[in-house]
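The next block holds one structure in the form of structure tokens; read it before the comments.
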Amino acid sequence: MNLTPRNFAWAAALLLATTAALADDTIIGYVKIAQGDASVVAAGMAIKAEPGTPVKTTNVLKTGPQGSLGITLKDNTLLSIGPDTELVVDDYVYNPAQDELKLVASLRRGSLNYVSGVIARLKPAAVSVRTPTGTIGVRGTHFVAKVVPE
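Here the sequence shown stands for residues -23 to -1, 1 to 127, numbered as in mature numbering (1 follows the signal peptide of the UniProt record, and there is no 0).
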């Protein structure tokens, strides 16, 4: 391959695009417990949740009427969701050495039992859980939230 400035620019652009695509595909945690109708939805495709199933940012964690899921994130945050629940981890950054910490999730419906991990202990303001009616800021180590249909 002739490495002209133009070819170099194309190669650099391709490398950056590939890196950005892989960054969105980073595993942020794993399913530890799955019972009943429970799935991880990625790009519109539902995968039956089982212990060891990877969880990535923007995956929809869903349970049916008899389902439940327990997820452990890389910083040891524990997310337990009950029946008829939809939860999405919208943004997750865990790089404590660089003080880059963030956890933003959306509880669309159902119930969430949250136990803080390293992110909330080191930088509580970097953690929030959105609901249809407001945002929960984490200032402790544990909370339970429930979103019911109107």
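All C-beta atoms, glycine included, are put in the ideal place defined by N, C-alpha and C. All figures in this text were calculated on a predicted structure; none of them were measured in a lab.
Residue pairing of G59 in beta bridges, as defined by DSSP: absent, with no partner found. With a contact defined as Cβ atoms closer than 8 angstroms, V32 and V17 qualify at about 6 angstroms.
In the DSSP assignment, V32 falls within the beta strand (DSSP E) that extends over 31 to 33. Judged by beta-carbon spacing, S93 lies beyond the 9 angstroms limit of T110, meaning their Cβ atoms are not closer than that value. Between the region 85 to 104 and the region 57 to 66 there are three or more inter-stretch CB-CB distances shorter than 8 angstroms, so the stretches are counted as touching. No Cβ-Cβ contact shorter than 9 angstroms links K123 with A103. Your pair V95 and D67 does not check out as a contact, with CB atoms roughly 19 angstroms apart and the cut at 8 angstroms. Classified as exposed, G29 has fewer than 16 neighbouring CB atoms from the shown chains inside 10 Å of its CB.
Using a Cβ distance threshold of 9 angstroms, Y69 and T112 do not count as a contacting pair. Sixteen is the threshold: since fewer than 16 other Cβ atoms of the shown chains lie within 10 Å of the Cβ of G21, the residue is exposed. By the Cβ-count criterion, L84 is buried, with 16 or more other Cβ atoms from all chains shown falling within 10 Å of its own Cβ. Selection K39, I10, V65, V37 evaluated against I48 yields I10 as nearest (Cα-Cα). With a threshold of 16 other beta carbon atoms within 10 Å, I5 meets it and is buried.
Here V65 has V37, S83 as same chain residues with Cβ atoms under 6 angstroms from its own Cβ, once five neighbours each way along the sequence are excluded.
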